[in-house]
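Numbering (my numbering), first residue to last: 977 to 1217. Where is the CB? At the ideal position from N, CA and C, for every residue including glycine.
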């Protein structure tokens, strides 16, 4: 009996040792698998960080290149504005000298007074134009001046939009007037009296208005030809029994 018990104990001990050995091997395999998985994740994170760093460097290079280009263009623009200002100042000095010479000329040497008035008016107009342009350049050169200039341009554009809306309203009103005139069988006058004016701008504006009126009249006429009105009510025929 005791010998059998000893053999059983030895077998059990061997089995226990074998189980411990198997558990150790299984734990080592699990550790190896986990370690391999972690190594893969670490490698992927390294590659992702490397790509991000490369993209960030490329973006920084692109931004620096764009900044350099913008800086060079701004410097070129400031140089061009300085050159234009210097040339305008030279022109202003020459016009000032010319105006002084014209003012110093005696009246006997002036053969045609109309020509002299035209010359003085043109010189004064050029002086005004140069002063406004130089003021605009000075405003643009000051810090934040381009923003103010942009706001003024936006206000001017809004004003032009209002003028355009008013012109469209006038055209619509003229179209309605032409409709009423066509219903009463009125015709456009063949001859229009153009007011005599010394300035050509009034004549050009009057001619432009005349052209707009003629175009509106033609459009109304063609529209009425396409869709004629029916005069009176149409009676239904009597029902036949």
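* Backbone CA spacing between residue 1184 and residue 1193 [nearest angstrom] -> 14 Å
Practice item. Please report how far the alpha carbon of residue 1085 lies from the alpha carbon of residue 1078, in whole angstroms. Key: Confidence is the limiting factor: at residue 1085 the pLDDT is only 43, short of 50, which leaves the residue's position unreliable, though a coordinate-based value still follows. Taking the straight line from one Cα to the other gives about 11 Å.
- Distance between residue 1055 and residue 1049 (C-alpha atoms, nearest Å): 10 Å
Item to complete: Rounded to whole angstroms, what's the CA-CA distance from residue 1017 to residue 1028? Just pull it up for me.
Response: 16 Å
Under a three-way DSSP split, which group does residue 1172 fall into?
At residue 1172, the pLDDT of 47 sits below 50, so the modelled position is not reliable and the matter cannot be decided from this model.
Roughly how many whole angstroms lie between the Cα atoms of residue 997 and residue 1032? 52 Å
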